[in-house]
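Residue numbers (this note's numbering), protein chains in the order written: chain H, 560 to 710; chain Z, 560 to 710; chain C, 1445 to 1849; chain U, 1445 to 1849. C-beta atoms are modelled at their ideal positions from N, C-alpha and C, and glycine is treated no differently. Working notes for the structure below.
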Ligand SMILES: Cc1ncc(COP(=O)(O)O)c(C=O)c1O
Ligand SMILES: Cc1ncc(COP(=O)(O)O)c(C=O)c1O
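In structure tokens:
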């Protein structure tokens, strides 16, 4: 059961039960829908970006513990960060959940998001953990409107 | 090679080289085309039936030694026979080539056609031997125009 | 009577481990495992008897042809079809339904016509009709689903009318387990000359099917859900329909004669089997049907009903667990949801206990929408499952609660 | 270099007897035999790793999915496609061609448009286009065949024009052995923005294929002709075409979202793979591609060319035998006729000598019509055949003459 405890850490369960920044954000500057067709997870993400900085960020939707807590922790983490930085965090987060070695420094940078390291032992759950991040990228890239996790 | 010699008997090879009753028959009272799509054998059969008796019968077409000699021997055999009889001969011939036991008497009735007994050892060739007979049945049954051997 | 030890010894995969735990395979509605005889059937074919079929005079080709056509005869007998020529080999239930859509319904369907399906259909029995209806300007009508998991057949009198050109309905729901009694529906449809397609993808493995007494016009199923190989399935259609249907795909074997000016099509069922078919698949499926016939579908039905009753009781005893679909007449499928816990998390945790269940919408999104849930966890049982395994499953569910609680 | 003893030891069926004689299998253009690794691949899948793919969180489903998607990656590498998403799994070459006809060409083809094929096509690359042309009032145009067995490409300038909406042509003829150099054709078609479908059913097993350097828009082949299982094949299509093509069959896995009002289709290639695919077939085919890659397509090509040269010489020495198709560039296929002796009789007699050859029109009736013959006897050789076997075949042909003489 130890891998499962690694996956479902207390922080994750807490954010699943009480997601932070949950709700719609109006008005907002950026917005996207995310969808994982394989397990039915749905996510709607709202951002208010001012001068290249994420002033506010919220989400709604329904999903499993991993995707809900990931969205919740991501929104907490990103508030106040610059758009330019988010792309780097996206890459680092992706490396974290897919088990690509991450330098101690980069891991440090991810702060609380490090709790998702347990996902690497569960390849089928990588999509859950990264749905909110894919949705984020799409929200920032205005040409696409529905994010999907890769198949 | 003995099964092959049984199949390709001298009579069969002779009728293959020099098919009897080969050619068109005009005028004729009955006519049908036969076709074995699996090996490309094609047969056209003409009958002149008067008062229920086969006065003349001819065929054209191209096919393997078994189908050509079968058509040749069939036409020789049927000349002068009544329509009513042909259905019985059809059944007996079919029993012969598929190896269903035939009484000595019935075998005797088939005369020279008995050379086709060797076909029963070659299930793939039953269609060749029976193509002319199927075509005959179709010619007599005016509602159908192209005979096929069963698949 | 099912001799469970003997049966289990026939399935090699049941003796493997997952995450260090003995495998408990409870995902049978998605696909079933294969007995050794099915596995051996294709090995033996390829090692001794294989060649392409139908057009060969040589021995191996004749043997393969005899085995392939023998498989067709086995299928005919298994569902008691009237004639082998009513049996068309396809990739699976999905392709069979698409074949009927394109070769039967497409040529006759007009704008404003209707196709009647139900709210509990698998996507495979929705989308082909939806795509066709859209192309033709026709309408998809739905027999509604009740909270109980049964279909609301009281709506039939309004729904069945002369605009309906086909009824397509499942024999047994893959997400709810509901077994539909189709007798009245088929009678009423036939009274209006409307043909009925029965999706037998689930039913075929659970109880005896006789297409003549059922009187279905089209009946479809997949080999892989009845202990056979992947890539093979069956369309049964009444001869009167098959004879008049347009050819499906073009290619070798489905023609009699080809020239650039004109092509003559072959007889049924070959007209619908273009190209080299899944020869080993058909033969393997027949081996699976033989296996199941030896056990006896009635014995299987009885055994699985006992499992279902036991599992239902065990699961209902778990606090916060709700079973979705409690129809009177059910096959051995239990979908459930758990308060505050998403099925995806349930699936992962059960997997770590060695228990294979499916989570998600099970290709029946309209059913999920009807119950207003995103997904369920589905336990689907076979004659090779045991009460002891159900206890393990129930224990695994309790672990989920513990961990996520 | 082919180590012939080692290679032959990999194929169990080559060590069996037919009519008391050692089997000489020379029907490889119809279908190839399977090495032990391919046979073992599905046994192992079913005994250890099997479940339905894509929608499962549990171990077995993940393993099957990884193996199935791994097979797609193997196919991609084998034909050097640009991306795995350009690889669609189908039943075989025939289905692949039908898929392109219905999902690509049907929506764009107009009355009076043209489809250009050749006179040496297999029925599978004629009939789908003929059926479609008939439905649409379009025209089938034909690149003519020369007595030599080559296509008359000098006619291309007249035949290629803006009315042509697709060129569909074989890479290698299954009845004549001719290998078509398609470079110029494809360049000229592309200059007019006409896509080209290449039927690789035969070529795939005989020489290296690189779809990027070939620059085909669609490339199709069957697993069973390249030492893989039946019921599986490949459509490769350039992404720009695949992205815009209509979905093919409707069902599970090819959708993202379903409601009765609206359905969202999945991404490529999944949009074209409705229902449970031939999972074991795809994995078995990948095993076969690995086997062939290990030998090396160039080594295979060289070895088979030697066999072809030797067999051509041996057969031409037989009085009254005429080879049909003597193109400069040929794969290891020899079709022949014998004076006064029908191929069907040839086939039967050779079979009694243990030699498996195919007789008939080989699903290329227009080729037969062109040579004004009903059928041929076809010897088609693989890298597992030997010169000693060719001697046996030649001896068997002489026996035919003796017996029928
Ligand atoms: C009720 C039902 N219909 C159709 C299908 C489709 O079967 P296949 O994927 O084998 O084509 C399934 C399989 O999940 C099913 O359960
Ligand atoms: C040139 C060619 N194209 C297409 C096909 C059809 O292949 P399949 O029957 O595997 O679909 C064949 C097989 O005979 C062939 O030789």
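Per-residue contacts from residue i into chain Z (C-beta, under 9 angstroms)
i, result
"residue 1818 of chain U", "598, 599, 600, 601, 621, 622"
Which of helix, strand or coil DSSP assigns to residue i
i, result
"residue 1541 of chain U", "helix"
"residue 1845 of chain C", "helix"
"residue 1690 of chain U", "coil"
"residue 1455 of chain C", "coil"
"residue 1674 of chain C", "coil"
"residue 651 of chain Z", "helix"
"residue 1517 of chain C", "helix"
"residue 1591 of chain C", "coil"
"residue 1558 of chain U", "strand"
"residue 579 of chain H", "coil"
"residue 619 of chain H", "strand"
"residue 592 of chain Z", "strand"
"residue 1584 of chain C", "strand"
"residue 1525 of chain C", "coil"
"residue 1466 of chain C", "strand"
"residue 1531 of chain C", "strand"
"residue 709 of chain H", "The pLDDT assigned to residue 709 of chain H is 42, lower than 50, so where the model puts this residue is not dependable, and the model offers no usable value."
"residue 1641 of chain C", "strand"
"residue 641 of chain Z", "strand"
"residue 1770 of chain U", "coil"
Contact set between residue i and chain Z, taken where Cβ atoms lie within less than 8 angstroms
i, result
"residue 1803 of chain U", "598"
"residue 1507 of chain C", "Per Cβ cutoff of 8 angstroms: no residues; residue 1507 of chain C is ~11 angstroms from chain Z at best."
Closer than 7 angstroms at the beta carbon, the chain U residues around residue i
i, result
"residue 1670 of chain C", "Here the premise fails: no neighbours, minimum Cβ distance about 12 angstroms."
"residue 1584 of chain C", "1704"
7 angstroms Cβ cut-off: residues of chain H touching residue i
i, result
"residue 1467 of chain C", "The premise fails here: residue 1467 of chain C is roughly 17 angstroms from chain H at the closest Cβ pair, so nothing lies under 7 angstroms."
"residue 1499 of chain U", "597"
Amino acids of chain H, ordered along the chain, whose beta-carbon sits closer than 9 angstroms to that of residue i
i, result
"residue 1847 of chain C", "560, 563, 564, 567, 572"
Counterpart residues of residue i in DSSP-defined beta bridges
i, result
"residue 676 of chain H", "BP columns for residue 676 of chain H are empty, so no partner."
"residue 1822 of chain C", "C:1779, C:1802"
"residue 1701 of chain C", "C:1708"
"residue 1756 of chain U", "Answer is none; residue 1756 of chain U lacks a bridge partner."
"residue 1681 of chain U", "U:1662"
"residue 1471 of chain C", "C:1824"
"residue 1461 of chain U", "U:1466"
"residue 603 of chain H", "H:592, H:619"
"residue 1616 of chain U", "U:1623"
Chain-ordered chain C contacts of residue i [CB-CB under 9 angstroms]
i, result
"residue 1566 of chain U", "1695, 1696"
"residue 1462 of chain U", "1502, 1503, 1504"
Within chain C, the residues that residue i reaches when beta carbons sit closer than 7 angstroms
i, result
"residue 1838 of chain U", "What residue 1838 of chain U touches in chain C: nothing, since even the nearest Cβ is about 17 angstroms away."
Interface residues of chain U facing residue i [CB-CB closer than 9 angstroms]
i, result
"residue 1830 of chain C", "By Cβ distance, chain U contributes nothing, its closest Cβ being about 18 angstroms from residue 1830 of chain C, past 9 angstroms."
Listed by chain order, chain C residues near residue i by CB distance under 8 angstroms
i, result
"residue 1474 of chain U", "1495, 1496, 1499, 1500, 1505"
8 angstroms Cβ cut-off: residues of chain U touching residue i
i, result
"residue 1842 of chain C", "Simply none; closest approach about 18 angstroms."
Legend entry - Short-range partners of chain C found in the segment 655–684 of chain Z, where Cβ spacing is below 7 angstroms: From the segment 655–684 of chain Z, only 682, 683 have a Cβ closer than 7 angstroms to chain C.
Legend entry - Residues of the segment 561–574 of chain Z with Cβ closer than 8 angstroms to any Cβ of chain U, in chain order: Per Cβ criterion, the list reads 562, 563, 564, 566, 567, 572.
Legend entry - Residues from the segment 1767–1794 of chain C in contact with chain B, defined by Cβ distance under 7 angstroms: The chain inventory of the structure shown lacks chain B, comprising the protein chains H, Z, C and U.
Inset, instruction - Could you list the residues in the segment 1509–1527 of chain C with a C-beta less than 7 angstroms from some C-beta on chain U, going in chain order? - result: The residues in question: there are none.
Inset, instruction - For the segment 1598–1616 of chain C, enumerate the residues whose C-beta is nearer than 9 angstroms to any C-beta of chain U, in chain order. - result: Residues: none.
Inset, instruction - Return the residues of the segment 1712–1730 of chain C that lie within a Cβ-Cβ distance of less than 8 angstroms from chain U, sorted by chain order. - result: Contacts with chain U (Cβ-Cβ distance below 8 angstroms) from the segment 1712–1730 of chain C involve 1718, 1719, 1720, 1721, 1722, 1723, 1724, 1725, listed in chain order.
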